[in-house]
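Protein chains in written order, with my numbering: chain A, 1 to 182; chain B, 1001 to 1388; chain C, 2001 to 2326.
Each residue gets a CB set at the ideal place from its N, CA and C atoms; glycine is no exception.
Here the structure is a predicted model, which is why all the values come from computation and not from measurement.
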C-alpha cells in the first residue's frame, strides 16, 4: 500500500485491523491527491466498493472503500472537506461507478464533486434536492478520532491532527495507537 | 445550489428534459417505467432510440427511496433490524446478516456456533428463493409465461420452511445482534431435509425445458457483454462479476461465519454475456443445496443467541466496522460508524444492485430495445435495495 | 318485384352464420386459452363462474362491452376508432370461402384463396392505424414492429399456399379439399410437408401469436399497438385476433389436412375437430416458449422461410409440369 501511494501527497497512512473494522489499510488524503490515488488503485486492479460521507465536527469525512477481486483486502481512502465549502474532485473519470456514489453523497450531505459527468440528484426528488438529510446539527456532531479507527500508523503528516488522540496523558508515541473500540 | 424547476409538462419532467438536452435530432426519447408490466420493480430508464437501437440509456432512481440510512440514525441498532428486511425483499436475510455482522464486529460480540449454522442454512434457503424469483421474472420478461409459476411453486416450499423460525414469508427480520431470534424446530429441519432432494429433482426439468430452449438461448447468448475491466470500474459483484469470469465470492475471498468449514464450488462462466450470468445463478442454486446439506450435518447443539445478548436499548460501542456478505445479487456491505451514543452515528448500506445497475448505461449502448430488457433482467435488479 | 337472387341469399345467410360463429368462437377460445394456460402453469384457470369457469368469457365480454370508451388526448378521433373496426370486419369476409363440409361453402368462388390473402392484408393497416392514432410512443413502436412483421410473413405464407394450389390446379379451397382423400396418407401434408412447415411458422407470424408476439410484447412495450385501447376497442382487437387464428387454422386444414375428409363422422365435424387441434397447438406454443426477438423474427423470415418457400414453389411447379407430360 505504501508502494502504491508513493510520491503522492498524503496526510495519514495506517495499517488497520481487518478483524475489528473490516479494512486492511486506510489513508487520509488531501483533495488534490485523490484523483491520482484513484488512478493508481485502478491500475493495481482494485474495484470501487462505495463512497460515503460522515458528518463530523472537523468537517465531512468522505470515505472511499476499495477492494480487490484477486487479493482481497479493503482499502479506505478518506478526504476531509470543510462544512462551509464541501468540494472534491470527482473520480468518475477513472472509476465510472463512482458517478452514482458521488451523486448519492451530494444528495445526502451536499458534498460537491467537480467533474462528475452527470451531477444531478440521484435518489432525492430534484425539487427538494437541497435538503441534505444526513447532515447533522452542530451539537450532535462527534469527533472523527472518537469513531474512526486509528490503526497502526505508518505515516502521519506533522500538521495533520485529526487522528491524534486528545488526552495528553495517553499520548506516549507521536500519532500513537489508540484502541478502536471502547 | 440551484433549484431545479420543471416548466414544460409536455416535454417531460426534469430528468427527461435533462436527458433530452444532448439527444440527437430525430431520435425518439422513451421512458421505460417507472410503472411497467415487467417485473423489475419501480425502475425508470430513459432511452434515446434510433428506430429500435438504443443510442443512450440512463436509469433514473429514487422512486422507492425511503432513506434507510437516516432511519438508522434515529433508531437504535436493534430497532433497525426490521429495516434490513425491507431493503431487499429478495434476499432479506443477507441484509439482516450484513447489518448484524457489522454491529457485532464493532462491538466485538462473538456469535455461538449453532447460531452461525442456523444463519448459513436460512441465508442459503433465502438465496434459493431469490434466484427462483429472478428466474421466473426473467423468463416472464422474455415472454415465457409458464416458468414463473413453477418457480413460485418451489418458492412456496422455501417460504413455508422459513415461516416457522422467522415468522415472515418475505421481509425477514430474523437475525439478532449476537445470534438469531428462534431456533430451527425438528419439524423445520425435517422439511428442509425433504425439500433438498425434491428441489434437486426439479432442476433437470428446468434445464431441459427452459435453459436448453433454442429461443431462450438466442435471446440471451452474446447479449450484454460485460468485460472484467467494466466490473472493476463499476464495482459489479456477485453473479454479474462471476458471469464475466471473475472468481470473486465474499464467502471465499472474505470468509465469514462457518463458510470456511463448508465445501462448495463457486460457479463462474467465461461467457461474459447474459447467458453466463444465467448459468452462474442456476448453478448456484445447486451449490446452495450442497451447503445446506453440509450445514445440517455439522450443526452442533447449543445456544442460538449469545449469553448476555444486547437488549433493544443497547448502545453500540464507539468505533467503525465494515462487514460484507455474499448476497444473491452480489456483495452486500454494511458500514457502521458509532460514537457510543444511543443511535448509530452513520450507517452506510452498500447495495450490490446499485453498482450492478450503474453499468447498464454503458452496456446497453447500441443494443436493440428487446435486448435491453434481456440485459436488465440478467442483472437481477431489486429496486428497493438500489434505492434504499 | 324481383326475386332475391339465390346467390345473395346464400351469402347473407353465410355472413350471419359467420358472424354468429365468430362471436361463439371468441367466447370458446378465451375459455380454452385460459384453461390450457392454467393447466400448463400448474393452476386451475377460471373455475368460479359457471361449471369449470365456462361462463367466464361471457362475463369478460359483458365487462368489455360495459366499459367506458375514451380516447387519449391528442389521438386522431377518426383513425383511432377506425382501427379496431378495420381489424374486425374484414375477418368476417375471410370465413366465406372456407369449405366446412361437402358442398358447404358460404361463397363458392374460384379465387377463394386470393380473397382470403387479400383481406387478411387489411389487418396490417389496422395495426398501423392503431399505433399511429394513439399518440403514444409505445403504440408507435408496436405498430412499426407489427407492420414489419405482418408484411414480412405474408410472403412465405403466400408462396406455400401457392405450391398447394399448383398441385390442385385451383385457388378454390373446395377444389383443393376434394383433391385429398379420407385418410392422412392421402392428405396434402404428405406431398407438401415443407409447405406445411413454412405455412405454420408464417401463420404464427401473421396472427401475432407467441412466440412471435413482439408487437404486443407486454414486458417491453406495455401492450404495443393496442396500449391505449380499453373496453370494446380492445375487445374488437381481441376478437379479431382469435378469428384470424381460426381462419389461418381452417385454411391449413383445408389445404394440408384434408379439410372435411375423414372416416365415419360427417364432414363438418371432422373440419371442426381438425381446426380445433391446430388451435390447441397454437395455444400450447404460446404458453411454452419465450418470445423471439424482433430482428431474429425477421431474419427467420427473410433468410430462411422465403428462400425455402421459393425453392419449394419452383420444385412443385417443375414436378407439376413433368406430370403433365407423363
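- Shown in chain order are the members of the region 2282-2297 of chain C whose Cβ falls below 9 Å from a Cβ of chain B: 2286, 2287, 2288, 2289, 2290, 2291, 2292, 2293, 2294, 2295, 2296.
- Boundaries for residue 1208 (chain B): no alpha helix (DSSP H) harbours it, and the DSSP string shows neither H nor E there.
- The C-alpha of residue 159 (chain A) lies about 15 Å from the C-alpha of residue 31 (chain A).
- Of the residues assessed, residue 2043 (chain C) falls on the exposed side of the cut-off, its CB having fewer than 16 other CB atoms within 10 angstroms.
- Going by DSSP, residue 1229 (chain B) is part of the alpha helix (DSSP H) stretching over 1228-1234.
- Ranked by Cα distance from residue 1371 (chain B), the first of C:2303, C:2295, C:2306, C:2317 is C:2295.
- The closest CA to that of residue 23 (chain A), considering only A:9, A:151, A:33, is found on A:151.
- With three or more CB-CB distances shorter than 8 Å, the region 1054-1065 of chain B counts as touching the region 1357-1370 of chain B.
- Within the region 2064-2110 of chain C, the beta strand (DSSP E) runs of at least 3 residues that lie entirely inside it are, in chain order, 2099-2101.
- In terms of CA proximity to residue 1118 (chain B), B:1303 leads the group B:1194, B:1303, B:1157.
- If you check each beta-carbon in the region 2134-2154 of chain C against every beta-carbon of chain B, the ones closer than 9 Å belong to 2137, 2138, 2140, 2141, 2144, 2145.
- Residues of chain B with a Cβ closer than 7 Å to the Cβ of residue 87 (chain A) do not exist, since the nearest Cβ in that chain sits about 12 Å away.
- It is roughly 13 Å from the alpha-carbon of residue 20 (chain A) to the alpha-carbon of residue 1254 (chain B).
- Short of 8 Å from the beta carbon of residue 1330 (chain B), and not among the five residues preceding or following it, lie these beta carbons of its own chain, in chain order: 1236, 1237, 1238, 1239, 1240, 1241, 1352, 1353, 1355, 1356.
- Under a criterion of Cβ atoms nearer than 7 Å, the residues of chain B adjacent to residue 74 (chain A) are, in order, 1322.
- Sequence-distant partners of residue 50 (chain A) (beyond 5 residues in either direction) whose C-beta falls short of 7 Å from its own C-beta, in its chain, are 65, 101.
- As far as DSSP is concerned, residue 1193 (chain B) takes part in no beta bridge.
- Around residue 2040 (chain C), the beta-carbon contacts reaching into chain B at under 8 Å are 1146.
- Buried is the label assigned to residue 103 (chain A), since at least 16 other Cβ atoms lie within 10 Å of its Cβ.
- Under the rule that a run must span 4 or more residues, the alpha helix (DSSP H) segments found entirely inside the region 2165-2192 of chain C read 2173-2178, 2188-2191.
- For residue 1229 (chain B), no CB of chain A lies under 7 Å from its own CB, so it is not counted at the interface with that chain.
- Looking at the backbone, the Cα of residue 1150 (chain B) and that of residue 2252 (chain C) are separated by about 34 Å.
- Under the three-state reduction of DSSP, residue 2276 (chain C) is assigned to helix.
- When 9 Å is used as the limit between beta carbons, residue 1123 (chain B) is near no residue of chain A, the shortest such separation being about 19 Å.
- Each of C:2173, C:2140, C:2028, C:2100 was checked against the Cα of residue 2014 (chain C), and the nearest Cα belongs to C:2100.
- For residue 1250 (chain B), the three-state secondary structure derived from DSSP is helix.
- Taking each of B:1191, B:1176, B:1028, B:1139 in turn and checking the Cα distance to residue 2289 (chain C), the smallest one comes out for B:1139.
- With a 10 Å radius around the Cβ and a threshold of 16 neighbouring Cβ atoms, residue 45 (chain A) comes out exposed.
- Leaving aside the five residues that flank residue 1270 (chain B) on each side, the residues in its chain whose CB is nearer than 6 Å to its CB run, in chain order, 1245.
- Beta-bridge pairing by DSSP links residue 1056 (chain B) to B:1048.
- In the three-state DSSP reduction, residue 2226 (chain C) falls in the helix class (H, G or I).
- Annotation for residue 1032 (chain B): the continuous beta strand (DSSP E) segment containing it runs 1028-1032.
- When secondary structure is reduced to three states using DSSP, residue 141 (chain A) falls in the coil class, being assigned neither helix nor strand.
- In the displayed model, residue 1350 (chain B) falls within a strand according to three-state DSSP.
- Taking the Cα positions, residue 2052 (chain C) is about 7 Å away from residue 2046 (chain C).
- A direct Cα-Cα distance of roughly 48 Å separates residue 2075 (chain C) from residue 2167 (chain C).
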